[in-house]
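One structure is given below, encoded as structure tokens.
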């Protein structure tokens, strides 16, 4: 860390990074580059749509510009949420993970047709779910999915929505299988070698994903999909809600892990240095694998029908999740300091000035990391069982996750795109200053919006509503006024939209450009303390997988059994709102009787088993 | 690590030490389609269960709360029992930590103390459908002397023959635990009848007031029964000859 050798190359190119030019990802893996590019373009399309819906709803709820009825707000909100946190994030993730595995194992995918197959599956699923949501805008189709990202029963969406989500998730499972396959093949050829860090990150994240998606898969396949098709009459709302959050919390880490990966393997390199510690990075990812899932009940502190003890266990696990994030903050900042000192930075704080702030990739990621610290603090508040009563379902919560997924993840992805798109196209980034303005605008816009959202939440303003103002009472703002908060949220939304427009200008400008030799070489950060310093046990994925499963069983078996014991597998005669089985019921009429019979008998068996276990 | 354990410890203390109860699985489940047969929720209301202790039974449904408004006295401890008739809602007092999910099939219970008169908005903060943003109610915490749980109902004749007595069956229900000392006042035409009563706590008082229709004279007479702030009113017709022409007058709406 005290190594203050001045890197001449870095000094001479102040406005750019010290990255050496050379062989790009496209040169080395042309076939894979095409897949990654397609994944990224899909994610950008989702970002554009999601962003558009975002600004529409911001201006609607703050009452600055209304282009629709308030009833339609919830269709827009569903589209904003699902497109951004499911499609944008996960399409980007599969692209980056494919890059990470191929680059760090230095081998092509085993079968490019399979790689295309999973991307195609994901795209088909996303298109189905998107069609069901967007159909909500027109009355001529008897189809809608105005159920928001959480699709809590007894709210019901069209079967196509549930089916689309399922197909999408199956696509991600196939993607994970593809990366594991690469690793198995690599291991055979490199016995005894440590798993390269980026691949290690991909594999641990995917194991977490396999465990987590079991929850949502069960909720959809066993309950919501048959229910929306009219095969079963009722569901247990607490059960499907709990299964959703079994998946719903780890999914936030699924969004975050690729951003963490960028901070670990790209950011130190862009700072002009090396990753501080490889073993620490591995520990962080293992901790996320272990702790991401058995915490979902912390979203249900206010739910009746779940005992305080179960909520307490979830809270304890959640608080321990702070550990890997605090470790990350330390490691990443230490790596940046190392880089800065390599570039001639000195002093206790002064080294910050030596960082390549003019590089949009670096600046975007660093600002995103800064925002994540703020988001982490508001997250700690959310996680406290008692103080959660004050903020639960208020605007505070969207304030929180616009800092985390909306900035830490989204801004990191946008900044990373400025590095990836040249890698994938062999073209030089169009207009670095515009890209720099873009990332800074995002930071500024989100500062306004998220800050005002947090404050409005403390006044008790609810989230997820078209009309935060009510007839019977007014909010009492301690500092400022509600009008001022609305103005800040709207201003933030407009700045963010502007930032998005610039982002697409840079991306399109880059893609339309011509091939250039001035693209940095593909690669990722070296480490100061390498894998040789980390205990071998860290690479024992079977062990961590086993432990993760055990923790999930401990955290979820009893809550789930208790929920089923209370409300039954299919709940106490719950009616769906709205019912959307009209079209499909015709086709199913013949099958239905048979299927229902089978289901009923299966249910009886399951119920009997559960009762037996409980006794 | 120490920091994290510390955070958990303070929260545990803040919860257990200060006796803040979480929404949990204490309450039995309930079938949302049978709320009308349920003792607590068929008639959503506020009940006194002890000195300064009240229970409120609240039903949330798209897109209203019952009862609305909810009225409780100052210096009281109120336990809200809330359930849903349809989808998931919330029951949230704006600006306070009274905030719970309301799930069909489950009953949420939340206890809160109200020290002084205030008005709170009640809102649903869980998306519940296209009219979600209209779902609101009010909670009034009123001064003790303005609060009662008195219910007044009056059954009276619509029409009497001149010379007959007109009868008013008055029922006063006292939902509070203390005795209610008050007066029933009947005003009809120019006549006033007053009766001082004591309604025992958690009990009902029934009485029949009669007025000689000769004193009133022929014609329509507006009447009002008043007990404290509660009033019931109607119109009494005194006619020469009672004929069976009622059906023509108060409409054919009652055919069913």
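Protein chains in written order, with the working numbering: chain A, 910 to 1524; chain B, 3 to 258.
Just so you know, even glycine gets a beta-carbon here, dropped at the ideal spot from N, CA and C.
These numbers come from a predicted model, not from an experiment.
Check your understanding: Taking a cut of 7 Å between CB atoms, which residues from the stretch 965-988 of chain A lie near chain B?
Key -> 979, 980 and 983
Point to revise | is_contact[residue 1373/A, chain B] using C-beta, thresh 8 Å | key: On the first chain, residue 1373/A is found 464 positions in, with the first residue counted as 1. It does; some Cβ of chain B falls within 8 Å.
Review point. Using a Cβ-Cβ cut-off of 6 Å (strictly less than) and excluding sequence neighbours within five positions of residue 1447/A, which residues of its own chain qualify?
Key: Mapped onto the first chain, residue 1447/A falls at position 538. 1191.
Check your understanding: If you count every other CB in all the chains shown that lies within 10 Å of the CB of residue 224/B, and 16 or more means buried, which is it?
Key -> As a first step, residue 224/B is located in the second chain; it is residue number 222 there, counting from the start. Residue 224/B should be labelled exposed.
**Study point:** Nearest-angstrom Cβ-Cβ length linking residue 74/B and residue 56/B, presumed shorter than 8 Å
**Key:** On the second chain, position 72 is the one that residue 74/B refers to. On the second chain, position 54 is the one that residue 56/B refers to. Contact flag correct, Cβ pair sits at about 6 Å.
Review point. Would you call residue 1417/A buried or exposed, if buried means 16 or more other Cβ atoms sit within 10 Å of its Cβ?
Key: Indexing the first chain from 1 puts residue 1417/A at position 508. Exposed, by the Cβ-count rule.
Exercise for review: Output the distance between the C-alpha atoms of residue 1495/A and residue 955/A, rounded to the nearest integer angstrom.
Suggested key: In the first chain, counting from the first residue as 1, residue 1495/A sits at position 586. In the first chain, counting from the first residue as 1, residue 955/A sits at position 46. At residue 1495/A, the pLDDT of 42 sits below 50, so the modelled position is not reliable and the matter cannot be decided from this model.
**Study point:** Cut-off 7 Å between Cβ atoms - residues of its own chain near residue 1235/A, not counting five sequence neighbours on either side
**Key:** Locating residue 1235/A in the first chain gives position 326, where the first residue counts as 1. If we look at residue 1235/A and ignore the five residues flanking it on each side, it has no Cβ neighbours.
Point to revise | Other residues of its chain near residue 1305/A: CB distance less than 6 Å, five sequence neighbours each side excluded | key: Here residue 1305/A corresponds to residue number 396 of the first chain, with the count starting at 1. 1363 and 1366, listed in sequence order.
Check your understanding: In chain A, which residues lie with their C-beta within 7 Å of the C-beta of residue 6/B?
Key -> Here residue 6/B refers to the residue found at position 4 when the second chain is read from its first residue. Under the 7 Å cutoff, chain A gives 1228, 1229, 1231 and 1232.
Exercise for review: Below 8 Å CB to CB, which residues in the same chain sit around residue 1489/A once its five sequence neighbours on both sides are set aside?
Suggested key: What you label residue 1489/A is simply residue 580 of the first chain in a count that begins at 1. For residue 1489/A, the predicted structure reports a pLDDT of 49, less than 50, and the residue's modelled location is therefore unreliable. A value from the coordinates is still provided. Excluding sequence neighbours, residue 1489/A sits near 1051, 1052, 1053, 1065, 1066, 1067, 1068 and 1137.
Review point. Taking the continuous alpha helix (DSSP H) assigned at residue 1137/A, which residues delimit it?
Key: Looking up residue 1137/A in the first chain gives position 228. Unbroken alpha helix (DSSP H) run through residue 1137/A: 1134-1137.
Practice item. Sort out for me which residues DSSP pairs residue 1418/A with in a bridge. Key: Residue mapping note: residue 1418/A aligns to position 509 of the first chain, counting from 1. DSSP output for residue 1418/A lists no bridge partner at all.
Practice item. Can you say whether residue 1104/A is buried or exposed, counting buried as having 16 or more other CB atoms within 10 angstroms of its CB? Key: As a working mapping, residue 1104/A is identified with position 195 in the first chain. It is buried - the Cβ of residue 1104/A has at least 16 other Cβ atoms within 10 Å.
Practice item. Please decide whether residue 127/B counts as near chain A, where near means a Cβ-Cβ distance under 8 Å. Key: Indexing the second chain from 1 puts residue 127/B at position 125. Yes, residue 127/B lies at the interface with chain A (some Cβ there is under 8 Å from its Cβ).
**Study point:** DSSP three-state assignment for residue 65/B, whether helix, strand or coil
**Key:** Start at 1 with the first residue of the second chain, and residue 65/B comes out as number 63. If DSSP states are grouped into helix, strand and coil, residue 65/B belongs with coil.
Check your understanding: Does the pairing of the stretch 1397-1412 of chain A with the stretch 1350-1361 of chain A give three or more beta-carbon distances under 8 Å?
Key -> yes
Review point. For residue 973/A, is the beta carbon positioned less than 7 Å from some heavy atom of the ligand HEM?
Key: The ligand HEM is not part of the structure shown, which contains no ligands of any sort.
Exercise for review: Count the other CB atoms, across all protein chains shown, that sit within 10 Å of the CB of residue 1491/A; report buried if there are 16 or more and exposed otherwise.
Suggested key: The count along the first chain starts at 1 and reaches residue 1491/A at position 582. Only weak support is given to the placement of residue 1491/A: the predicted model assigns it a pLDDT of 44, under 50, and the question is left unresolved by the model.
Review point. Taking three-plus beta-carbon pairs below 8 Å as touching, is the stretch 118-125 of chain B in contact with the stretch 89-100 of chain B?
Key: yes
**Study point:** 8 Å Cβ cutoff met for residue 227/B and residue 213/B
**Key:** Here residue 227/B refers to the residue found at position 225 of the second chain. Here residue 213/B refers to the residue found at position 211 of the second chain. Against a cut-off of 8 Å, the Cβ pair of residue 213/B and residue 227/B comes out as no contact.
Exercise for review: Only counting runs of 3 or more residues, tell me where the beta strand (DSSP E) segments fall wholly within the stretch 1152-1201 of chain A, in order along the chain.
Suggested key: 1184-1186
Exercise for review: Could you tell me the boundaries of the alpha helix (DSSP H) in which residue 1087/A lies?
Suggested key: Here residue 1087/A refers to the residue found at position 178 when the first chain is read from its first residue. Note, residue 1087/A: alpha helix (DSSP H), 1068-1098.
Review point. Beta-carbon of residue 89/B versus every beta-carbon of chain A: anything under 8 Å?
Key: For this step, residue 89/B is matched to residue 87 along the second chain. Residue 89/B counts as touching chain A.
Point to revise | Extent of the continuous alpha helix (DSSP H) run through residue 1360/A | key: Start at 1 with the first residue of the first chain, and residue 1360/A comes out as number 451. It spans 1341-1367 - the alpha helix (DSSP H) in which residue 1360/A sits, taken as one unbroken run.
Check your understanding: When you check each C-beta in the stretch 29-57 of chain B against every C-beta of chain A, which residues fall closer than 8 Å?
Key -> 29, 31, 32, 33, 34 and 35
Check your understanding: Closest by CA to residue 1440/A, which one among 1185/A, 1409/A, 1467/A and 1377/A?
Key -> What you label residue 1440/A is simply residue 531 of the first chain in a count that begins at 1. Of the candidates 1185/A, 1409/A, 1467/A and 1377/A, the one whose C-alpha sits nearest the C-alpha of residue 1440/A is 1185/A.
**Study point:** For residue 1378/A, three-class secondary structure by DSSP
**Key:** The residue labelled residue 1378/A in the question sits at position 469 within the first chain. Coil at residue 1378/A, not helix or strand.
Review point. Does residue 1385/A come within less than 8 Å of chain B when only Cβ atoms are used?
Key: If you number the first chain from 1, residue 1385/A lands on position 476. Yes, because at least one Cβ of chain B sits closer than 8 Å to the Cβ of residue 1385/A.
Check your understanding: residue 1490/A CB to nearest chain B CB: under 8 Å?
Key -> Here residue 1490/A is taken as the residue at index 581 of the first chain, counted from 1. Interpretation of residue 1490/A is limited by its pLDDT of 44, a score under 50 that renders its predicted location unreliable; no figure is taken from the coordinates.
Review point. Near residue 1335/A, what residues of its chain come up, given a Cβ to Cβ distance below 8 Å and the 5 sequence neighbours on each side ignored?
Key: The residue given as residue 1335/A occupies position 426 in the first chain. 933, 935, 936, 1424, 1425 and 1428, listed in sequence order.
Review point. List, in order along the chain, the chain B residues whose C-beta lies closer than 7 Å to that of residue 1196/A?
Key: For this step, residue 1196/A is matched to residue 287 along the first chain. Within 7 Å Cβ-Cβ: nothing; residue 1196/A doesn't reach chain B, min ~12 Å.
Review point. With a CB to CB cut of under 8 Å and the five nearest residues on each side skipped, what residues in its chain are close to residue 1458/A?
Key: Mapped onto the first chain, residue 1458/A falls at position 549. Same-chain partners within the cutoff: 1120.
Practice item. State the Cα-Cα distance for the pair residue 1047/A and residue 1063/A, rounded to the nearest angstrom. Key: The sequence position of residue 1047/A within the first chain is 138, counting from 1. The sequence position of residue 1063/A within the first chain is 154, counting from 1. So the two alpha carbons sit approximately 22 Å from each other.
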